[in-house]
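Enquirer: Dropping a structure here in structure tokens format, bear with me for questions.
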Amino acid sequence: MTAQAGSPSVDEAPPELQKRFEDTIARDQRIEPRDWMPDGYRKTLVRQVAQHAHSEIIGMQPEGEWITRAPSLRRKAILFAKVQDEAGHGLYLYSAAETLGVDRADLTERLLEGRQKYSSIFNYPTRNFADVGVIGWFVDGAAICNQVPLCRSSYGPYARAMVRICKEESFHQRQGYELLMTMMRGTDAQRAMVQDAVDRWWWPSLMMFGPPDDDSPNSARSMAWKIKRHSNDELRQRFVDMTVPQAEKLGVTLPDPDLRWNEDRGRYDFGTPDWSELKRVITGDGPCNEERMARRRAAHEEGAWVREAAAAHAAKQAARTQNGAVA
Ligand code: FAQ
17 MTAQAGSPSV DEAPPELQKR FEDTIARDQR IEPRDWMPDG YRKTLVRQVA
67 QHAHSEIIGM QPEGEWITRA PSLRRKAILF AKVQDEAGHG LYLYSAAETL
117 GVDRADLTER LLEGRQKYSS IFNYPTRNFA DVGVIGWFVD GAAICNQVPL
167 CRSSYGPYAR AMVRICKEES FHQRQGYELL MTMMRGTDAQ RAMVQDAVDR
217 WWWPSLMMFG PPDDDSPNSA RSMAWKIKRH SNDELRQRFV DMTVPQAEKL
267 GVTLPDPDLR WNEDRGRYDF GTPDWSELKR VITGDGPCNE ERMARRRAAH
317 EEGAWVREAA AAHAAKQAAR TQNGAVA
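Quick note: the sequence shown uses our numbering, first residue 17, plus one each step.
Take a look at the structure:
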């Protein structure tokens, strides 16, 4: 990607622009689209924001599969609203990415060609309705831990998009927990479904935070630029500390024999996720990678006529406005 028009590369940027950028970061103020920024800063943001947007859109699939199989009208309406929110989050994030001088259609191409990633978590299957609850509790819970600090990210449009997204994620997490509470008050079979879903989603949820800090090539630079505010391991720890008491209240067991309170640290100790599994899933070899990408490609192709119609409508409106007619 090239620097935006009017934004010289770091080599040719006047020193006062570089200084202004560095001062803005140091003062914890926001970089805005019109400001000069180093190419690396822009590229890092495009990478992270696009990956985040793709995750929201692909993330509609695992739960979306249960809309037609929801056990009641109430659960169906809630699930519908949640999955629709995820589409909205994708749109806010693609819009934030576009302020960096990239085009949403191009980002989608990069995803479809496998040149950009989406979150590993969405490559796991949803086997029963308790999975919908556990996704809300774990996956949205992890998203909140990761994303609340991003509301203070140094890039203005990303930070502002995150404020709105986090409010909705918090509702998503509660609906998941409430669904699981209801199932835990039900039959033995329902309680077993919840425990089974917890067993399958726990470790993949810990992997959502990314590789361990000593194997995270982007963290140091992203944190120096205040795009990321905390390291992957710190956020993973926060998620564990938040979730263990919730699991106790719910009456489920988290599948980690090494999980225990550490009095000295005032935090929970926990086992090591299988990092080779994360690598496999990220590089396309997870349980549902092929299925998720095939569905995404099909949706893109099936939606071509909508994009064409919207573009034709926009062109007609623009021509009318140009001719002085009331739009
Ligand atoms: N999956 O050097 P790092 C949600 C990649 S939204 C796939 O540590 P970084 C809402 C990483 O991109 C979930 N790839 O990278 C919802 C990099 O590859 P690259 C998405 C991963 O960027 C709920 C390489 O590994 N959230 O859940 C993963 O500093 C329910 C090295 O890693 C976000 O995107 C992974 N788990 O830290 C929706 C949050 N981890 O790009 C529906 C914003 C790492 O160099 C239902 N993103 N990689 O080729 C972030 O905070 C960061 O980008 C991290 C990764 C923490 C994900």
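For every residue, glycine included, the Cβ atom is placed at its ideal position computed from N, Cα and C. Every value quoted in this text rests on a predicted model; they were computed, and no experiment measured them.
Within a Cβ cutoff of 6 Å, which residues of the same chain sit near H188, ignoring the five residues on either side of it in sequence?
Expert: As a working note, residue 188 is residue 172 in the sequence shown. Same-chain partners within the cutoff: K98, G152 and D156.
Enquirer: Run the CB neighbour count on L127, radius 10 Å, all protein chains shown included, and call it buried at 16 or more, exposed below.
Expert: Against the sequence shown, residue 127 aligns to sequence position 111. Answer is buried; the Cβ neighbour count reaches 16.
Enquirer: Straight-line CA distance for G75 to E102?
Expert: Looking up residue 75 in the sequence shown gives position 59. Looking up residue 102 in the sequence shown gives position 86. Looking at the two C-alpha atoms, the distance is approximately 7 Å.
Enquirer: Considering only residues of the same chain and omitting the five flanking positions on each side of R254, which have a CB-CB separation below 6 Å?
Expert: Against the sequence shown, residue 254 aligns to sequence position 238. Only C161 meet the Cβ criterion.
Enquirer: Could you round the C-beta distance between L294 and F286 to whole angstroms and report it? I think they count as a contact, below 8 Å.
Expert: To locate residue 294, count along the sequence shown from 1; it is residue 278. To locate residue 286, count along the sequence shown from 1; it is residue 270. The Cβ separation is near 16 Å, so there is no contact.
Enquirer: Under 7 Å Cβ to Cβ from T18, same chain only, skipping five residues before and after it: list those, please.
Expert: In the sequence shown, the residue the question calls residue 18 occupies position 2. Only weak support exists for where T18 lies, its pLDDT of 39 falling under 50; the coordinates are left without a value.
Enquirer: Skipping 5 residues on each side, what residues in its chain have a beta carbon closer than 8 Å to that of I47?
Expert: Indexing the sequence shown from 1 puts residue 47 at position 31. Answer for I47: F37, T40, I41, M53, Y57, S170, Y171 and G172, listed in chain order.
Enquirer: Is the distance from the Cβ of D257 to the Cβ of R283 below 8 Å?
Expert: Here residue 257 refers to the residue found at position 241 when the sequence shown is read from its first residue. Here residue 283 refers to the residue found at position 267 when the sequence shown is read from its first residue. In this structure, R283 lies closer than 8 Å to D257 by Cβ.
Enquirer: Please report the distance separating the alpha-carbon of D231 from that of G80.
Expert: Position 215 of the sequence shown, counting from 1, holds the residue named residue 231. Position 64 of the sequence shown, counting from 1, holds the residue named residue 80. Roughly 33 Å separates the two Cα atoms.
Enquirer: Does DSSP put A326 in a helix, a strand or coil?
Expert: Here residue 326 corresponds to residue number 310 of the sequence shown, with the count starting at 1. Of the three classes helix, strand and coil, the one that applies to A326 here is helix, per DSSP.
Enquirer: Please say whether N139 and N278 have beta carbons closer to each other than 8 Å?
Expert: Taking the sequence shown and counting its residues from 1, the one referred to as residue 278 is at position 262. Taking the sequence shown and counting its residues from 1, the one referred to as residue 139 is at position 123. No, these two residues do not count as a Cβ contact at 8 Å.
Enquirer: Excluding the 5 residues flanking E324 on each side, which residues of the same chain have their C-beta closer than 7 Å to its C-beta?
Expert: Here the question's residue 324 lines up with position 308 in the sequence shown. Counting only Cβ-Cβ distances below 7 Å, and skipping sequence neighbours, we find nothing.
Enquirer: Which one or two residues does DSSP pair with I151 in a beta bridge?
Expert: Taking the first residue of the sequence shown as 1, we reach residue 151 at position 135. According to DSSP, I151 bridges with nothing at all.
Enquirer: Tell me whether K35 is buried or exposed, calling it buried when 16 or more other Cβ atoms sit within 10 Å of its Cβ.
Expert: Stepping through the sequence shown from its first residue, residue 35 is reached at position 19. Classification of K35: exposed, given that the 10 Å Cβ count is below 16.
Enquirer: Ordered along the chain, which non-local residues of its own chain (more than five positions away) have a Cβ less than 6 Å from that of D272?
Expert: Against the sequence shown, residue 272 aligns to sequence position 256. Closer than 6 Å at Cβ, skipping near neighbours: F286 and G287.
Enquirer: Comparing alpha-carbon positions, which option in V164, S111 and G149 lies nearest L251?
Expert: Counting from one through the sequence shown, the residue named residue 251 turns up at place 235. Comparing Cα positions, the closest option is V164.
Enquirer: Using C-beta distances below 6 Å, list every residue in its chain close to S247, excluding the 5 sequence neighbours before and after it, in chain order.
Expert: One-based indexing of the sequence shown puts residue 247 at position 231. So the list reads D229 and S235, once near-sequence residues are dropped.
Enquirer: Nearer than 7 Å: is that true of the beta carbon of P156 relative to any heavy atom of the ligand FAQ?
Expert: Residue 156 sits at position 140 when you count from the first residue of the sequence shown. The residue asked about is misnamed: residue 156 is Asp in this sequence, not Pro. Yes.
Enquirer: What are the start and end residues of the alpha helix (DSSP H) that includes R237?
Expert: The count along the sequence shown starts at 1 and reaches residue 237 at position 221. Segment S235 to A240, the alpha helix (DSSP H) holding R237.
Enquirer: Using 7 Å as the cut-off, classify the Cβ of I83 as near or not near the heavy atoms of the ligand FAQ, replying yes or no.
Expert: In the sequence shown, the residue the question calls residue 83 occupies position 67. No, the Cβ of I83 stays beyond 7 Å of every heavy atom of the ligand FAQ.
Enquirer: P78: buried (16+ other C-beta within 10 angstroms of its C-beta) or exposed?
Expert: As a working note, residue 78 is residue 62 in the sequence shown. P78 comes out buried.
Enquirer: Relative to the ligand MG, is the shortest distance from any of its heavy atoms to the C-beta of E72 smaller than 7 Å?
Expert: Questions concerning the ligand MG fall outside what the structure shown contains, since the ligands it does hold are the ligand FAQ.
Enquirer: Looking at the secondary structure, which residues open and close the alpha helix (DSSP H) in which W219 lies?
Expert: Residue 219 sits at position 203 when you count from the first residue of the sequence shown. Here the alpha helix (DSSP H) through W219 covers D204 to M223.
Enquirer: Nearest by alpha-carbon distance to P220: which of A330, P289 and D44 is it?
Expert: In the sequence shown, counting from the first residue as 1, residue 220 sits at position 204. Here the closest residue by C-alpha is P289.
Enquirer: How about F255: is its C-beta nearer than 8 Å to some C-beta of chain B?
Expert: This model lacks chain B altogether, as it is built from one protein chain only.
Enquirer: Work out the CA separation of C167 and R176 for me, nearest whole Å.
Expert: By 1-based counting over the sequence shown, the position of residue 176 is 160. By 1-based counting over the sequence shown, the position of residue 167 is 151. Using only the alpha carbons, I get a separation of about 6 Å.
Enquirer: N339 by DSSP, collapsed to three states: which one?
Expert: Against the sequence shown, residue 339 aligns to sequence position 323. In this structure, N339 counts as coil in the three-state DSSP scheme.
Enquirer: Would you call the stretch 122-137 and the stretch 67-74 touching, i.e. three or more CB-CB distances under 8 Å?
Expert: Contact holds: three or more Cβ-Cβ distances are below 8 Å.
Enquirer: Determine which residues share a DSSP beta bridge with D285 and list them.
Expert: Here residue 285 is taken as the residue at index 269 of the sequence shown, counted from 1. Answer by DSSP bridge pairing, in chain order: R276.
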